[in-house]
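For the sequence shown, the numbering used here puts the final residue at 471, and the numbers step up evenly by one.
Think of the CB as a built atom: it goes at the ideal place given N, C-alpha and C, for glycine as much as any other residue.
These numbers were taken from a predicted model, which means no experiment stands behind them.
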Amino acid sequence: MKWPPPCASTMPSRFSVRRHRPLHMPAAPSPLPHGAFHRRIIVIPEPGRVRVAMEDESHCMEVTVLHDGQRVIDIQPVMHRIPWSTCPGAPAKLKELVGLSLRRMNQSTGFDAKEHCTHLFDLTRLAMARALLNAPVQYDVAMPDRIDTETRAEILRDGQPLMAWDVRGWIVTGPDPFTGHALRGAPIWPQGIDDDTIEAALILRRVFMVALVREPNAARSREKTDAGFPPGSQLRKAGIVGQCFSFQDDTIDQASLLFNWRNFAERRDQLLTGYPGVRTIAEMAKAKAS
């Protein structure tokens, strides 16, 4: 399959949910758990630029960061698949980061990710970090559906297991050194962990927060209603104003949910199909063994 996906609009201003064909969750009355949430990210540094792409159940997007070896000189984001009708307004805001020096993800940009599309913001930060390192990477993350608020999330780096967290509620229960790490609020890292580990941990944190969308998605699919996520005008009652670009005070009332999620629970290697440089987990394992 070629990239970009044939169902995607490469221009946010022309984005139309009608161009997407969603893959529905199991039919009623199938309860959770029924699988796992998966996200794939690939980062490819090239001379003067870094390409980064991400796909998961609710999102498919990419960012190209242009740089001069020291600073960001341009940011070119593209949204292929998004969850909210207001998301296409977010790419323009990324221009705030133009001019920043290249830095690792443990170093603040001075900007609030919640005022942006948090996913585009994260991808841009990752591209900046990998421009500094000049090192490609592919991350694959899986989080099984929670049972009684418990799950175990795992992240692979270039196909190799890197880190796994046991989680209850919003707290990591193990293994060390992350035992007790809170998944809400600003991250507080254990002493002694390096920049590479923080990079992966930030990706794992974001996946945990986004993966919870499977629960209302499953409810919607079973009930054929919008009960899981109400329209933006009702989201204020849920206490999530300000959590991302679409949930800002001046946009949340206009936000409408786009029914274009896809279930990769049993087919994680179809994430980012066709994107240059992406490898399946089996391909990476074979390369490691050879």
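The residues P371, in chain order, have a CB closer than 6 Å to that of P358 in the same chain once the five nearest residues on each side in sequence are set aside.
Separation of A392 and A363 (C-alpha to C-alpha, rounded to the nearest whole angstrom) is 16 Å.
K469 and Y320 have their C-alpha atoms roughly 15 Å apart. Shown here for D237: same chain residues with a beta carbon closer than 6 Å to its own, the five before and five after excluded, namely R220 in chain order. The three-state secondary structure of H248, taken from DSSP, is strand.
For P457, same chain residues with a beta-carbon under 6 Å away, outside a window of 5 residues either side, do not exist. In the three-state scheme derived from DSSP, where H, G and I count as helix and E and B as strand, L337 is classed as strand. A Cβ-Cβ contact shorter than 8 Å links G216 with E447. DSSP places E380 in no beta strand (DSSP E) but in the uninterrupted alpha helix (DSSP H) bounded by D376 to A392. C268 carries a helical assignment under DSSP once its states are collapsed to helix, strand and coil. Cα atoms of D255 and N441: separation of roughly 30 Å, rounded to the nearest angstrom. Cβ atoms of I336 and I384 come within 8 Å of each other, at about 6 Å.
Comparing alpha carbon positions, the residue from I263, E331, M260 and A323 closest to W351 is E331. For H219, the enclosing beta strand (DSSP E) begins and ends at A217 to E227. Following the DSSP letters along the chain, one finds I462 inside the alpha helix (DSSP H) bounded by residues I462 to A470.
Contact between the region 239-251 and the region 296-305 is present: 3 or more CB-CB pairs across the two stretches fall below 8 Å.
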